[in-house]
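Trainee: In our numbering, each number is its position in the sequence shown, counted from 1, plus 35.
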Amino acid sequence: MKNLKLIALFLAFISFGCSKKGNGGEQTGQYFIKAKVEGALKECSAGIAGTKTTIDNLGVVISLNGRYGSDPAFGGFDLSISGFKGVGTYLMGPGTIDVYPAIALYRWDGKTPPENYIYSSGGKNCSGKMVVTSYANNIIKGTFEFTGRNNDGNTGETKTVTNGSFEVKLNILN
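#1: Return the Cβ separation of Leu-114 and Ala-81 in integer angstroms, given the expectation that the two are a contact with Cβ distance under 8 Å.
#2: Ala-70: buried (16+ other C-beta within 10 angstroms of its C-beta) or exposed?
#3: Which residues in the same chain have their Cβ closer than 6 Å to the Cβ of Ala-137, if we skip the five residues on either side of it in sequence?
#4: Would you call the CB atoms of Gly-183 and Thr-193 closer than 8 Å?
#5: Please report the residue range of the beta strand (DSSP E) in which Val-203 lies.
#6: Just to confirm, is the Cβ distance from Ser-162 to Phe-179 under 8 Å?
#7: Residues in its own chain within less than 6 Å of Gly-110 by CB, not counting five upstream and five downstream?
#8: Ser-155 to Tyr-170, Cα distance in whole Å?
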């Protein structure tokens with residue numbers, strides 16, 4: 036069930052994230068995703084995008100994406116909430132989507148191959164939360180924090196993400 040959750044959310048990220056075209060999803064310079072990773076501030080200045088869509092068995096899904104540069108491999112953050120119901124706290128962790136409806140990915144910049152440097156909040160012994168503090172006029176604001184495990188499955192390496200915050204305009208897909 037955990038793998039199904041991760042696969043569904045990963046597909047949502049790929050399918051709906053990082054688009055600068057559409058119904059109000061354009062980057063205007065006022066939107067952001069930022070956090071401290073192991074104490075170092077990481078601010079996404081490119082590829083800020085957000086979507087809101089309804090997916091069978093997941094309900095309303097919010098996906099937020101931000102990158103450090105114009106190339107998606109440059110690193111950044113991917114945040115998602117399944118079963119979004121508005122302002123509130125959404126937990127992250129290695130379990131079923133009904134208990135842990137949020138997931139976060141930290142993509143470490145400058146590493147080759149980049150797919151070996153993705154840290155997921157859905158890994159073993161990982162946890163975190165997203166707190167949506169405001170949702171109005173398709174603009175979502177809030178905070179996040181999590182411990183993410185390297186997705187390569189071999190190292191068990193983790194990264195701690197703290198003091199995360201976001202303000203993103205959502206592109207409504209359906």
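Every residue, glycine too, gets a C-beta built ideally from N, C-alpha and C.
Mentor: If we stick to the structure as given:
#1: In fact, because the Cβ distance is near 16 Å, the residues do not count as touching under 8 Å.
#2: buried
#3: Ile-116, Tyr-125, Met-127, Met-165
#4: yes
#5: 193-204
#6: no
#7: Tyr-103, Arg-142, Trp-143, Asp-144
#8: 25 Å
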